[in-house]
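A short worksheet on the structure shown next.
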Amino acid sequence: MKFKVKTSELKKWLDIVNHATASITTTPILENILIKVNFDNVVLISNNLETAIEYTIKDELEIISEWSFCIPSKLFTSYVNLVSDDTIELELTNDDSIEVKTISGKIKIKWIEADEFPLIPTIREETSMVLKAKVLKKAIEKTLFSAAEGNIRPTLAWILFNISQDKAIFASTDSLRLSEYQTKLENSSIFNFSQIVPSKTASEIKSILKDDEELKIISWDSQIAFFFWNTKFFSRLLNGKFPDYKNFFPTSWATKAEINRLDLIQGLKKINLISKENNYSIKMSFSGETGIVIESSETQIWEGEIRLTGAIEWEDNVIWINSTFLIEALNVIDTTHVSISFESALAPILITPLKDPEAKDDGSDLKHIIMPLKI
181 MKFKVKTSEL
191 KKWLDIVNHA
201 TASITTTPIL
211 ENILIKVNFD
221 NVVLISNNLE
231 TAIEYTIKDE
241 LEIISEWSFC
251 IPSKLFTSYV
261 NLVSDDTIEL
271 ELTNDDSIEV
281 KTISGKIKIK
291 WIEADEFPLI
301 PTIREETSMV
311 LKAKVLKKAI
321 EKTLFSAAEG
331 NIRPTLAWIL
341 FNISQDKAIF
351 ASTDSLRLSE
361 YQTKLENSSI
371 FNFSQIVPSK
381 TASEIKSILK
391 DDEELKIISW
401 DSQIAFFFWN
411 TKFFSRLLNG
421 KFPDYKNFFP
431 TSWATKAEIN
441 RLDLIQGLKK
451 INLISKENNY
461 SIKMSFSGET
471 GIVIESSETQ
481 IWEGEIRLTG
491 AIEWEDNVIW
501 INSTFLIEAL
511 NVIDTTHVSI
521 SFESALAPIL
531 ITPLKDPEAK
541 DDGSDLKHII
551 MPLKI
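With the numbering used here applied, the sequence shown corresponds to residues 181 to 555, in that order.
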């Protein structure tokens, strides 16, 4: 086996497939990359048994002879990233090694039989649809932060993908907060598509996709696959049912505030210097006379108060809230001003963007709720 490839291209390939390699595992083969050298292309495959990536290359390489082998991902990637020469050559040697050679140097790495590498799932196209990458990336960005962490609450570490005709809905929750993003699609989907996708999968897809790409999503049994450009991304689906959350969003309110989003973020960051000692619990007071006052509970050496201007409607009120939850919700909103509304001190707090008058309506809708703290 022997082939040559541009160093910059190999770095790009490895960056993509390493999204599905296992770093610490009791199954050492999962720490490897499977490389298939065919007569007209090279295929790189990674598989950690939860997700898998298959990346096919046809350009910027010269294939002299064919072979398939596994190679340790961490060592191989680390070496390639340090190479400054324009071209890298990989060649099978007589001592069960792969020689990685450039003009300025070479190393030998022991290879493993390709047969030991776990198989990629066999595709059965039961449900599929085509979607623009920028739509999916934006939807994940708007909802991912509300999903539970997999090692803490694995049964809520997911995002709902619900696509029907020309409408796509994405939602996530960790039981303390809930996010929903809706958007209109340029082209109607033939199939109704509804799956709960692991949040880790969604995060990896978001980091790999480019805005100008188009992708095909396929699901079958307990598997989902994303096909784009020359990449195939496979993932297991989680067993379970996404909560019926529609009734969680409040439809009425006793207190409503409209405030500049960046001013509020800045105020929250200031108060967080103190509130971090109390798990980021803060008090927010809403008054038609004094505006919005953010306070931290007193610690051994700190206490703080931030005053912000804003429009307050209806009743004056006070809530306690996790400030980091609020900042994360505000960070994914694009508008200049936001609305914060709630029925009482113990009712869900609704955060929504206020449409800028001069901005073009893109048909999207975003809303978050955060459960208040009981103090």
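Glycine is no exception: its CB is placed at the ideal position from the N, C-alpha and C atoms.
Per DSSP, which residues does residue i bridge with? Please list them.
i	result
Gly543	Beta-bridge pairing links Gly543 to no other residue.
Gln362	Ile349, Asp545
Trp247	Val217
Pro208	DSSP output for Pro208 lists no bridge partner at all.
Asn228	In DSSP, Asn228 forms no bridge with anything.
Lys186	Thr267
Ile492	Ala437
Trp500	Lys463
Thr236	Val223
Can you grab the Cα-Cα spacing for the pair residue i / residue j, in whole Å?
i	j	result
Lys412	Ile486	49 Å
Ser465	Ser359	24 Å
Gly490	Thr236	54 Å
Ile501	Lys463	7 Å
Leu190	Leu442	41 Å
Leu316	Trp482	43 Å
Pro298	Leu272	22 Å
His199	Leu448	34 Å
Asn459	Glu438	26 Å
Thr187	Trp433	59 Å
Trp409	Asp391	12 Å
Glu321	Arg357	16 Å
Ile251	Ile289	7 Å
Ile550	Phe505	7 Å
Thr201	Asp354	27 Å
Ile287	Lys281	7 Å
Ile454	Ser461	10 Å
Glu150	Thr207	Here the chain covers residues 181 to 555 and nothing more, so residue 150 does not appear.
Leu444	Ser467	16 Å
Trp193	Lys456	41 Å
Met309	Ala351	19 Å
Tyr425	Gln375	15 Å
Phe429	Phe407	34 Å
Lys318	Glu246	41 Å
Val223	Leu336	34 Å
Pro533	Thr323	14 Å
Val197	Ala327	24 Å
Val518	Glu393	31 Å
Asn440	Ser379	30 Å
Ala509	Asp545	14 Å
Tell me which same chain residues have a C-beta within less than 8 Å of the C-beta of residue i, skipping the five on either side of it?
i	result
Phe249	Met181, Leu214, Ile215, Leu272, Ile278, Trp291, Ile292, Glu293, Ala294
Gly471	Arg487, Leu488, Thr489, Gly490, Ile492
Thr560	Nothing can be reported for residue 560, as the shown portion of the chain is limited to 181 through 555.
Asp276	Lys290, Trp291
Glu211	Thr201, Ala202, Ser203, Thr205, Pro252, Ser253, Lys254
Which same chain residues end up closer than 6 Å to residue i when comparing Cβ atoms and leaving out the 5 residues on each side of it in sequence?
i	result
Ser284	Asp265
Glu230	Arg416
Asp541	none
Leu340	Ala351, Ile376, Phe422
Asn372	Ser344
Glu475	Lys463, Glu485
Asn342	Ile349, Ser374
Identify, in the order they occur along the chain, each residue of the same chain with its Cβ nearer than 7 Å to the Cβ of residue i, setting aside the five sequence neighbours on each side.
i	result
Ile529	Ile499, Ile501, Ile520, Phe522, Ile549, Ile550, Pro552
Asn221	Thr236, Ile237, Lys238
Phe414	Thr231, Ala232, Ile300, Pro301, Gln403, Ala405
Ala525	Asn497, Val498, Ile499, Pro552
Any contact of the region 297-307 with the region 393-403, i.e. 3+ C-beta pairs under 8 Å?
-> Verdict: yes, contact present.
Every unbroken alpha helix (DSSP H) within the region 398-483, with a cutoff of 4 residues, ordered by chain = Runs of the alpha helix (DSSP H) inside the region 398-483: 441-455.
What residue ranges within the region 266-342 form continuous alpha helix (DSSP H) runs of no fewer than 4 residues, ordered along the chain?
-> Listed in chain order, they are 313-323.
Do the region 528-539 and the region 373-391 meet, that is, are 3 or more Cβ pairs less than 8 Å apart?
-> No: fewer than three Cβ pairs fall under 8 Å.
Evaluate contact between the region 508-527 and the region 415-425, counting only Cβ atoms and requiring at least three cross-stretch pairs below 8 Å.
-> Contact fails: fewer than three Cβ-Cβ distances are below 8 Å.
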